[in-house]
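Take a look at the structure below.
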Amino acid sequence: MATWPLSSAMRAALDQARTGGETGEVPVGAVVVKDGRVIASAHNAPRALRDPTAHAELLAIRAAAQAMGTERLDGCELWVTLEPCAMCAGAIAHARIARLYYAAPDPKGGAVEHGARVFAQAQCLHRPEVYSGMGEAEAAELLRGFFAARR
């Protein structure tokens, strides 16, 4: 695993994750970046929104699409604190996200480098460049602390 410097985009995603955790949501945060500027950010909110699809990635992608006025997020980057699940990976492909950066791997629920490996499937319509490990220790600690407090 490479050690990456923590970018301002990943710092913003970690801040979103922390905010989500403080509200009782699983602490996952995401930001969409276009031309070096954050255009959307979100944290997990399935409990608050009573919506099982309200993952940080989907909420950030939806907000970015609204901000850009299009369903295709060409040239955008998604920075997220946890390896996306299959649902989110599918949305990333459909949104045509150019680059995905994620902090912590998710061997149980992840679908990028684990599980379904959505982008490796022949049926995947678009494959973003994928980079992992930036902010991994901090993201993993947020998740461990969150779940330890609930046991």
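Here this note's numbering is used: the first residue of the sequence shown is -9, the next is one more, and so on. Glycine included, each C-beta is placed from N, C-alpha and C at the ideal position.
For residue i, three-class secondary structure by DSSP
i, result
"Met(-9)", "In this prediction, Met(-9) scores a pLDDT of 38, lower than 50, which makes its location untrustworthy; the coordinate-derived value is nonetheless stated afterwards. The answer is coil: DSSP assigns Met(-9) none of H, G, I, E or B."
"Arg27", "strand"
"Ser(-3)", "coil"
"Val21", "strand"
"Glu15", "coil"
"Ala139", "helix"
"Ala32", "strand"
"Tyr121", "strand"
"Gly43", "Going by the sequence as given, residue 43 is Thr instead of Gly. Coil, per DSSP."
"Val102", "coil"
"Arg107", "coil"
"Leu115", "coil"
Close-in-space but distant-in-sequence residues of the same chain around residue i (CB under 7 Å, 5 per side omitted)
i, result
"Ala3", "Gly19, Ala20, Val21, Trp69, Val70 and Thr71"
"Pro97", "His104"
Spatial distance of residue i from residue j (CA atoms)
i, j, result
"Ala116", "Ala138", "The question names Ala, yet the displayed sequence has His at residue 116. So the two alpha carbons sit approximately 37 Å from each other."
"Thr9", "Ala(-1)", "15 Å"
"Ala112", "Ala85", "18 Å"
"Met124", "Arg1", "10 Å"
"Ala127", "Ala7", "13 Å"
"Ala53", "Arg140", "30 Å"
"Ala50", "Cys66", "12 Å"
"Phe136", "Arg27", "29 Å"
"Trp(-6)", "Pro95", "Residue placement at Trp(-6) is poorly supported in this model, since its pLDDT is 49, which falls under 50; the coordinates are not used for a value here."
"Asp25", "Ala88", "12 Å"
"Gly11", "Val23", "22 Å"
"Val120", "Leu133", "22 Å"
"Cys75", "Phe109", "11 Å"
"Gly99", "Ala46", "14 Å"
"Pro118", "Ala129", "22 Å"
"Leu90", "Pro17", "18 Å"
Close beta carbons around residue i, own chain, < 8 Å, minus the five adjacent residues each side
i, result
"Asp5", "Gly19"
"Thr43", "Pro36 and Met77"
Chain-order list of residues whose beta-carbon lies under 6 Å from that of residue i (same chain, five-residue window excluded)
i, result
"Tyr147", "As shown, the chain starts at -9 and ends at 141. That puts residue 147 outside it, with no answer to give."
"Ile29", "Val22, Ala54 and Ala57"
Contact test: residue i Cβ vs the ligand ADP heavy atom, cutoff 7 Å
i, result
"Arg8", "What this structure holds is no ligand at all, so the ligand ADP is not there to describe."
| field | Cβ pair count under 8 Å reaching 3, the region 99 to 119 against the region 51 to 63 | value | no
| query | What runs of the alpha helix (DSSP H), each 4 residues or longer, lie entirely inside the region 58 to 93? | reply | 76 to 85
| task | Count the CB pairs spanning the region 76 to 94 and the region 28 to 37 that are closer than 8 Å, and state whether there are at least three. | result | no
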